[in-house]
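Protein chains in written order, with our numbering: chain A, 1138 to 1447; chain B, 60 to 663.
Think of the CB as a built atom: it goes at the ideal place given N, C-alpha and C, for glycine as much as any other residue.
Note that the coordinates shown come from a computational prediction; the quantities given were computed from them, not determined experimentally.
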Amino acid sequence: MLDFFPFKKTIPFMSWGKATTAISLLTFLFSVWALWDRGLNLGVDFTGGTVIEISYPQAANLTEIRSALEETGLPEISVQNFGTSHDVLIRLPNKGEANAAETSNRVMAALTAADATVELKRVDFVGPQVGKELYDSGALALLVVAFGIMAYLAIRFEWRFAVAGMLANLHDIVIILGVFAFFQWEFTLTVLAGVLAVLGYSVNESVVVFDRIRENIRKMRGETIPHIIDDAITRTMSRTIITHGSTQIMVLSMLFFGGEALHNFALALTIGIMFGIYSSVLVASPLLLMFGVKREHFIKPVEKKEEAVV
Amino acid sequence: MNRYPLWRYILIGVTLVVAFLYALPNFFGELPAVQVSPVRTTEKVDTVLLGQVESLLKASNIAYSGVELSGNSIKARFASTDIQIKAKDTLQNKLGERYTVALNLVSASPAWLSAINAMPMYLGLDLRGGVHFLLEVDMKAALEKSAIRYQNDFRTELRGAKIRYGRISREGNAVTVHFATRDQRDEAANKLGTAFPDLTFTAEDQAEGFTLTSRLKPEAEKQVQEFALQQNITTLRNRVNELGVAEPVIQQQGASRVVVQLPGVQDTAKAKDILGRTATLEIRMVDELADPLALAQGQVPFGAEIVPSRDGGNIAVKKDVVLTGDSITDASPGFDNTSGQAAVHISLDGKGARIFKDVTRENVNKRMAILLIEKGRAEAITAPVIREEIGGGRVQITGMETAQEASDVALLLRAGALAAPMQIIEERTVGPSMGAENIAKGFNSNIWGFMAVTLFMVIYYRVFGLFSSVALAINGFFLIALLSMLQATLTLPGMAAIALTLGMAIDANVLINERIREELRNGATPQAAIHAGYDRAWGTILDSNLTTLIAGVALFWLGSGPVRGFAVVLCLGILTSMFSAVTVSRAMVNLTYGRQARLAKVSI
């Protein structure tokens, strides 16, 4: 039997409480600082504006493209390579023009006049009002998911578990956003979808550990709560690593083969998975301890539910 | 203890066969095709047209591999894109402007698969290339337009009632009539109040005189907006048909927006131009003196012009315009009260009604034509005979053969022009090469990830790992089959969601396998360990999947575009994974180990 994690003894995770709290607090504060100081590099989905992706059969000459575009008289055009030297990304802000939707036509007309081999790959034009709406509904979705999961955990377990699980996972979300802000990676709608999926996904991890804690509370009478939690974490460790490992394999595959479109999405998921493991084990459980989970919360006749497993 | 009753195996077998069948069309690829559909959405396609298309292709020596009637269009398949383009040009020339001939791709899957409604997944624009527009109807303008109409109507009404009035002014949606005396004002309030039940009137006594201000009631305001949106959608649909797009999508979104998706369209400049074009309606008198014979030879009488008529043939109309489409406030199909014939009821605004009354009085028993003018080209929609003088702005046109024709004409009268201006507020264009690239990227992400996970599972869990991997592959099949059956739109984020759900689906099997190992470690017999592993893992699997499902549902509910495509696949993937990871893998385990009463060892 191939076994990467033959833990015979219970690992004293809870006694590392001070160190893990310090790590969490530092990364969290770092993320908040990055978000506050640099802010998210919001993509065109949220800011509004025009993004045009073009491609040339030969390496693109950015200087020529820039000078061709200057003649259109459109303000604040940014031109940069995208992925390979053949691909170019052009960004234009919405500048309160009456006919912003025509911008891409003007740009393409100018580029085709300069070099007819140019190929249009993608245009995204988002009007200012749409960008604002997408931003609002994204923020709303984040709240709905957070509260939905919290309500589910509260019903399925107990409010202490719900709050601990949610705090741990929001901590992950803030860290993902913080890293995106720090590196100024572009935050698009797809990345947002990834972040929200992480929220649902990494709660999985807390659920599995919580399930085991509940089971242990019922079975291991006479043990202290910290020891019960340590045991639960130790015994779920192997499953945790393997599960997240296989999800990470798929995500890495997206990172390598998915191209630019899925690149940031895969990055968000990678950070989410890494911190998901860490926070479920080393943030959610100490929080649970802090909230004062007691045996009495579960040893009640009404609480008779099926045994949980890992 | 680890045995399934026979019915369970049969059930699993049936779901596997169904999933396989419905996933199958995705692996046949696509053939170039030409799609013929009528320009007017209300026109129906029948086998006559099918025969016509076939004989046209045969006459031009164009080899086709199949012609079929599907939905309201005819699709002809060809072996190569060269033949496809040749066929498109030929058909467009021969069939004329009544039909849209568009390039399309159809599934190359055999006919028996299409017969059981098995179709490939519906690819989003980011995977097949095309344009997505979100248009916003200017509702303020729509309301103002209706206020302008009331301005005219008040004038007519007050004049008819012989009530003296001063200025009629408009500010936004409020129309104010000024009067010299209070009595006149009160009389007018009475009269207008009964004539226009959709409006609320407020009377004010001001230093410079007495006023009566009207506003639309909220429900009437809503109606005006809905009407404007519906009319704009109808107009857009007619215009898009001209673009020759194979499968356009035109949908209302929210209270004031329209989504237009044009798969395969690359010339966005042209698409924008056509969508934003304005068409006009005109009512003119038919030149009764024109000699039909001279007409046929192309001789145009003085002061008239020849326009094609919608039912074929030509008609000579006078150059003087009686009314323009601006005067038409509504047109709806219905029936004549006395004869029961199909009819179209038209409402005109005050000014239009007055002119119409005069014209009809002078031209009884003559014909008048209603023309639709687009891109400077006129077409006669209908040319009814005037039976009597028509007053009051309510016009009824009979002479249509069927109720269908009546509703066609009503639609054209309404749809000729946009009710209110529209603006493009979002555009997403994806080039054709980009679409193919995105498919390849999404496919590669899935296949490499899947292979790596499978390799790991087999090395780590041996036979049970193999079962888990087969269950994972089956999960992939289920997901593809379900997406094909529902015809949910697959986007690149959707493909990412497939990869993600596959990665997450293995979690259930890891939970089960780890539990079995633990039971074995604690000294349970292999059979008991398998049993306990599957039975007790279920609760945890359900719990952990439900939290992700909550996220998926919220994303679907609040998301738009790419996010929604991601959410659909995520939710479906969670559901299929619960079935395949637990039930299907258990069936494999039971089949392999279940029968051995004295199982000494399992490979895990």
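(request) Evaluate the contact criterion for the region 137 to 157 of chain B versus the region 118 to 128 of chain B: three or more CB pairs, one atom per stretch, below 8 Å. (result) yes
(message) Which residue wins for smallest C-alpha separation from G393 (chain B), given the options B:L75, B:I600, B:V512, B:A402?
(response) B:A402
(message) Quick test of the definition: if touching needs 3 or more C-beta pairs under 8 Å, does the region 295 to 309 of chain B touch the region 198 to 210 of chain B?
(response) Not touching, per the Cβ criterion.
(message) Which residues does DSSP list as the beta-bridge partners of K329 (chain B)?
(response) DSSP lists no partner for K329 (chain B).
(request) Would you please state the rounded distance, in angstroms, between the beta carbons of L1313 (chain A) and G1409 (chain A)? I believe it to be under 8 Å. (result) Rather than Leu, the amino acid found at residue 1313 (chain A) in this sequence is Ile. Indeed they touch by this definition, with Cβ atoms about 6 Å apart.
(message) Here's the rule I'm using: 16 or more other beta-carbon atoms within 10 Å means buried, otherwise exposed. How should F361 (chain B) be labelled?
(response) exposed
(message) Could you compute how far the alpha carbon of P1149 (chain A) sits from the alpha carbon of A499 (chain B)?
(response) 47 Å
(request) Compile a chain-ordered list of the residues in the region 1216 to 1230 of chain A whose CB is closer than 9 Å to at least one CB of chain B. (result) none
(request) For K377 (chain B), I'd like the list of residues in its chain whose CB is within less than 7 Å of its CB, leaving aside the five on either flank, ordered along the chain. (result) For K377 (chain B), where only same-chain residues beyond five positions count, the Cβ hits under 7 Å are R343, M344, D346, G362, A363.
(request) Pull up the distance between the alpha-carbon of H1364 (chain A) and that of M1374 (chain A), whole angstroms please. (result) 15 Å
(message) Short of 8 Å Cβ to Cβ, which residues in the region 557 to 574 of chain B face chain A?
(response) A558, L559, L561, G562, M563, I565, D566, V569, L570, E573, R574
(message) With a threshold of 8 Å between beta-carbons, can I1350 (chain A) be considered close to chain B, or not?
(response) no
(request) Using beta-carbon positions only, say whether S1383 (chain A) and A558 (chain B) come within less than 8 Å of one another. (result) no
(message) Using only CA atoms, which one of B:R274, B:Q265, B:D264, B:F238 lies nearest to F255 (chain B)?
(response) Closest option to F255 (chain B), judged by alpha-carbon separation, among B:R274, B:Q265, B:D264, B:F238: B:R274.
(request) Rounded to whole angstroms, what's the CA-CA distance from A174 (chain B) to S129 (chain B)? Just pull it up for me. (result) 11 Å
(request) Starting from S1383 (chain A), follow the alpha helix (DSSP H) in both directions and report where the run begins and ends. (result) 1362 to 1394
(message) The alpha helix (DSSP H) that contains Q1321 (chain A), what's its start and end?
(response) That residue, Q1321 (chain A), is in no alpha helix (DSSP H); it is neither H nor E in DSSP.
(request) Please go through the region 370 to 442 of chain B and give each complete alpha helix (DSSP H) segment of 4 or more residues, from N-terminal end onward. (result) 409 to 421
(request) State the Cα-Cα distance for the pair M1303 (chain A) and V517 (chain B), rounded to the nearest angstrom. (result) Their backbone Cα atoms lie some 35 Å apart in a straight line.
(request) Spell out whether any CB of chain A is found under 8 Å from the CB atom of M180 (chain B). (result) no
(request) Give a yes or no on whether the minimum CB-CB distance between L605 (chain B) and chain A is below 8 Å. (result) yes
(message) Please report the distance separating the alpha-carbon of A167 (chain B) from that of S636 (chain B).
(response) Straight-line Cα distance between these residues: approximately 29 Å.
(message) Would E388 (chain B) and S406 (chain B) be called neighbours here (beta carbons separated by less than 8 Å)?
(response) Note on identity: in this sequence residue 388 (chain B) is Thr, with Glu being the wrong assignment. Closer than 8 Å, so yes.
(message) As a quick exercise: from B:A428, B:L334, B:I309, pick the residue whose alpha carbon is nearest that of V366 (chain B).
(response) Here the closest residue by C-alpha is B:A428.
(message) Taking the beta carbon of E195 (chain B) as the centre, do at least 16 other beta carbons fall within 10 Å, making it buried, or is it exposed?
(response) buried
(message) Just verifying my parser: in three-state terms, what is the DSSP assignment at I456 (chain B)?
(response) strand
(request) Report the three-state DSSP secondary structure of E341 (chain B) (helix, strand or coil). (result) strand
(request) Give the DSSP bridge partners of Y158 (chain B), in chain order. (result) B:P97
(request) Out of B:F536, B:S504, B:I589, B:M481, point me to the one whose CA is closest to A200 (chain B)'s CA. (result) B:M481
(message) Taking the beta carbon of Q546 (chain B) as the centre, do at least 16 other beta carbons fall within 10 Å, making it buried, or is it exposed?
(response) Counting Cβ neighbours within 10 Å, Q546 (chain B) comes out exposed, since fewer than 16 surround it.
(request) Look at the Cβ atom of I292 (chain B), then the Cβ atom of V1267 (chain A), and state whether they are nearer than 8 Å. (result) In this structure, I292 (chain B) keeps its C-beta atom at 8 Å or more from the C-beta atom of V1267 (chain A).
(request) Measure from the alpha carbon of D379 (chain B) to the alpha carbon of each residue in B:S398, B:V418, B:G399, then state which is nearest. (result) B:V418
(request) Please compile the residues from chain A whose C-beta is within a distance smaller than 7 Å of the C-beta of D197 (chain B). (result) Under the 7 Å cutoff, chain A gives no residues; its nearest Cβ is about 12 Å from D197 (chain B).
(request) At 7 Å on the CB atoms, spell out the chain B contacts of Y1338 (chain A), in chain order. (result) M563, T607
(message) For L1404 (chain A), would you say it is in contact with chain B, using Cβ-to-Cβ distances shorter than 8 Å as the test?
(response) no
(request) Check whether the Cβ atoms of G323 (chain B) and T159 (chain B) lie closer than 8 Å to each other. (result) no
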